[in-house]
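Asker: In the working numbering, the protein residues as written are 960 to 1172. Backbone N, C-alpha and C define an ideal beta-carbon position, used for all residues, glycine too. Values in this document were obtained by computation on a predicted structure and should not be read as measured data. Handing you a structure now.
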């Protein structure tokens, strides 16, 4: 299989963690998002959304959207599991995952910030303020949900789940946007626990072949 991503892409980061945890070796390829390489005609033929990641299977079929890719990996390589066994636990993990992947990430990613600057004449500072606001709004909800129960060493219980694979890349983004993480002690603790695991550490942006300063 081949994973097409970008070192700083949160969505690609999630999939890299899942692959590492499951011990799945893939070929890695990069599309430089800031240079617009994802908009080329050859990549649009692979992924009409012109986003990363895309996972090209051995038979040539292409999977897109990080959540769908992680669900596919869970179904085809069930050990170690990314989701708990009980239905309520699975729903909780998916809910936490979606706080990040559906409610935070889409409205603070690169193309949204570029649109704010280009079409609404926002400054770099105001675009950053926009992004920081939506990260904090989502993290407020994530932290409150963690306090409701079910949280252990990780977001759900004592084994990393899909929720942690979504959370950790967003914490990396939060640092870029200067979010005050002292407001989120549980998120910070979970992030630190995750980053002590080789699967998470090896997936971080600075360790990718296409990494830049």
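Would you list the residues sitting across from residue 987 in a DSSP beta bridge?
Answerer: Looking at the DSSP assignment, residue 987 forms a beta bridge with 962.
Asker: Rounding to the nearest angstrom, what Cα-Cα distance links residue 1158 and residue 972 in this structure?
Answerer: Roughly 11 Å between the two C-alpha positions.
Asker: Below 8 Å on the Cβ atoms is my contact criterion, and I expect residue 1127 with residue 976 to pass it. Report the Cβ-Cβ distance as a whole number of Å.
Answerer: Rounded, the Cβ-Cβ distance is 7 Å, consistent with contact.
Asker: Take the Cβ of residue 1141 as the centre, count every other Cβ of all protein chains shown within 10 Å, and call the residue buried at 16 or more, exposed below.
Answerer: The residue in question, residue 1141, is exposed, as its Cβ has fewer than 16 Cβ neighbours within 10 Å.
Asker: Residues in the same chain with beta-carbon distance under 8 Å from residue 1154, minus the five sequence neighbours each way, listed in chain order, please.
Answerer: So the list reads 1127, 1160 and 1163, once near-sequence residues are dropped.
Asker: Thinking C-beta only, is residue 1138 closer than 7 Å to residue 1094?
Answerer: Yes, they are a contact pair.
Asker: Exposed or buried, what is residue 1008 when buried is set at 16 or more other beta-carbons lying within 10 Å of its beta-carbon?
Answerer: Exposed is the call here.
Asker: Buried or exposed: residue 1101, going by 16 or more other Cβ atoms within 10 Å of its Cβ?
Answerer: Residue 1101 should be labelled buried.
Asker: Taking only the alpha-carbon atoms, compute the straight-line gap between residue 1106 and residue 1057 and give it to the nearest angstrom.
Answerer: Cα-Cα distance, rounded: 17 Å.
Asker: Is the region 977–989 in contact with the region 1034–1043, if contact means three or more CB pairs nearer than 8 Å?
Answerer: They touch, by the three-pair rule.
Asker: Are three or more beta carbon pairs between the region 1039–1051 and the region 1110–1127 nearer than 8 Å?
Answerer: With the cut-off at 8 Å, the region 1039–1051 and the region 1110–1127 touch.
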